Amino acid sequence: MAKKFPMNPPHPERICWGCDRYCPADSLACGNGAGRTQHPAEMIGDDWYLHGDWGFDLIASDRPDAKRD
């Protein structure tokens, strides 16, 4: 089962987002020498999930702007 994809992680630059392993950026297990895959928030911005079809359904608690009681 795939891990839940974080919407806005605190330090996305520290992790490779290319697969479900989420390897440290300096120790890629599956990249075969390739570079780190960036998190969409690094490329598009914090509201990246609002643009395009990312293939997952958002529930209210997933949204960073959701109001907390």
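The sequence shown maps to residues 1126 to 1194 in my numbering. Positions of the beta carbon are idealized from the N, C-alpha and C atoms, including for glycine. Since the model is a prediction, treat every value here as computed from it, not as a measurement.
Query, Result
"Are T1162 and W1179 touching if we call contact CB-CB under 8 Å?", "no"
"Assuming E1167 is part of the alpha helix (DSSP H), what are its boundary residues?", "P1165 to M1168"
"If you count every other CB in all the chains shown that lies within 10 Å of the CB of H1164, and 16 or more means buried, which is it?", "buried"
"Thinking C-beta only, is E1138 closer than 8 Å to A1150?", "yes"
"Using three-state DSSP, classify D1171 as helix, strand or coil.", "coil"
"Would you kindly work out how many angstroms separate the C-alpha atoms of I1169 and G1177, rounded to a whole number?", "11 Å"
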